[in-house]
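Position one of the sequence shown corresponds to residue 10 (our numbering), numbered consecutively onward. For every residue, glycine included, the Cβ atom is placed at its ideal position computed from N, Cα and C. Computed from a predicted structure; not experimentally measured.
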Amino acid sequence: MIVGNGAVDRRLASHIDAHDLVIRFNLCGSFAQAPSRTDVIAVCNTGRPAREMLGSAAWHRHPAVRDAPEIWCVRPARLFAAERARIVRDHPELDDLCDDYTGSFVTLCDNTGRRCLVIDETTHRRAAISLSTYAPQPYVTPSSGLIVVEHVLREWPQADICLAGFDHAGWAGHPFAAEHRLIDAYVRRGLVMRLERHV
């Protein structure tokens, strides 16, 4: 169960809990709408989002963050280091986006008895290739949601993968229109399903 930060009907909470693995993102923006179990927090481990989460007592105390036994870092440091020149050239206001905080998340996991996973470069390349079919406008990086979907499809190809709270809207640096079309294609192929359509 992959729960995005978009709208989630409160009535879906019990259906979310019924899954074997529940993944949420960053600030867990949809948790208050449908509070339920959390097994993984997938985080942007570079730039301002990482720095703000790590420095926020409220984030550390959030029930989903506090209870999750795993943290997944969605941005491999080497890939984003290689992308820094391009990103700063095209988006000078994002000069800190590639600053890597993976070590701080690893330390957090070590100190709290959790597992830390860094999603690898292969998953990012796979996401970029899949997105290219839909001719996205120039973008900075795929969303954490899409990277996690690609990771789960690769790691557990036989699993029943369900999505909720995927509004495909937010930061302009993500290619949300193309991601929406790609996820809809995955739904048509039976690779994933949207929970809202099956309850």
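Would you mind reading off the limits of the beta strand (DSSP E) that contains E130? By one-based count along the sequence shown, residue 130 stands at place 121. Run containing E130: none in the beta strand (DSSP E); it sits in the alpha helix (DSSP H), 130-141.
With 16 other Cβ atoms within 10 Å as the buried cut-off, status of H71: In the sequence shown, counting from the first residue as 1, residue 71 sits at position 62. The residue is buried, with at least 16 neighbouring Cβ atoms inside 10 Å.
Between the beta-carbon of V52 and the beta-carbon of I80, is there less than 8 Å? Taking the first residue of the sequence shown as position 1, residue 52 is located at position 43. Taking the first residue of the sequence shown as position 1, residue 80 is located at position 71. Their beta carbons are under 8 Å apart, which means V52 touches I80 by this criterion.
Mapping the DSSP letters down to three states, classify R124 as helix, strand or coil. In the sequence shown, counting from the first residue as 1, residue 124 sits at position 115. If DSSP states are grouped into helix, strand and coil, R124 belongs with the strands.
Would DSSP call A118 helix, strand or coil? In the sequence shown, counting from the first residue as 1, residue 118 sits at position 109. The sequence shown places Cys at residue 118, rather than the Ala named in the question. Of the three classes helix, strand and coil, the one that applies to C118 here is helix, per DSSP.
Rounded to whole angstroms, what is the Cα-Cα separation between H133 and R20? Along the sequence shown, read from residue 1 onward, the residue named residue 133 stands at position 124. Along the sequence shown, read from residue 1 onward, the residue named residue 20 stands at position 11. Near 33 Å, if we compare the C-alpha coordinates of R20 and H133.
Kindly indicate the opening and closing residues of the beta strand (DSSP E) around E79. On the sequence shown, position 70 is the one that residue 79 refers to. Note, E79: beta strand (DSSP E), 79-82.
To which residues of the same chain is A178 closer than 8 Å at the C-beta, ignoring the five residues directly before and after it? Taking the first residue of the sequence shown as 1, we reach residue 178 at position 169. Within the same chain, A178 has close Cβ partners G15, F185.
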